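K.L.:
Let me begin by handing over the structure; questions about it come next.
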Amino acid sequence: MKLITAIVKPYRLDEVKTALQELGVHGLTVTEASGYGRQRGHTEVYRGAEYQVDLVPKIRIEIVVEDAESDDVIDAIVKAAQTGKIGDGKVWALPVETVVRVRTGERGPDAL
């Protein structure tokens, strides 16, 4: 199993969710996040004063999937989140040793 984590622009969340639902992904976790990469934030004007925004708002999506599905899920996230502009985000995958469904005690692939 793999834990796939994606950091994407907030307004791309609906497109990513739709793409994952079309693949048959049954569950995901979404968290509000903030940070920066190469863009290093941006400048905004508020009430006539200019200020630097160092941490850009992002959305963190986490999904646990079978190894065989991981490449398809990653490709779907990238395609749905991509705008072609700086700050589109990142996607990475990590191995997962154990998954347990708390309600039933099911383990492994049955817990997904």
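Start counting the sequence shown at 1; every next residue gets the next number (UniProt numbering).
Here a beta-carbon is modelled for each residue, glycine too, at the ideal position from N, C-alpha and C.
Keep in mind that this is a model prediction, so the values were computed, not measured.
1) Who does L3 pair with in a DSSP beta bridge?
2) May I have the straight-line CA-CA distance separating E62 from D71, to the nearest angstrom?
3) Quick one: give me the first and last residue of the alpha helix (DSSP H) that E15 is part of.
4) Please classify G89: is it buried, with 16 or more other beta-carbons within 10 angstroms of its beta-carbon, or exposed?
5) Short check: CB of V99 to CB of G87, under 9 Å?
6) Just the Cα atoms here: how many angstroms apart are Q52 and G35?
7) Which residues does DSSP pair with Q82 in a beta bridge?
8) Within 10 Å of its beta-carbon, does R47 have 16 or more other beta-carbons around it, so buried, or fewer, so exposed?
9) According to DSSP, is E69 part of a helix, a strand, or is it coil?
10) What are the boundary residues of the beta strand (DSSP E) that includes G35?
P.N.:
Taking the definition as stated:
1) Paired residues: V64 and L94.
2) Rounded to whole angstroms, E62 and D71 show a C-alpha spacing of 15 Å.
3) In the DSSP annotation of this structure, the continuous segment of the alpha helix (DSSP H) that includes E15 starts and ends at L13 to L23.
4) With 16 or more other Cβ atoms within 10 Å, it is buried.
5) Not in contact: V99 and G87 (Cβ atoms no closer than 9 Å).
6) Those two C-alpha atoms are separated by around 13 Å.
7) Bridge partners of Q82: none, in fact.
8) R47 should be labelled exposed.
9) Note: E69 maps to helix in three-state DSSP.
10) Per DSSP, G35 belongs to the beta strand (DSSP E) from T29 to G35.
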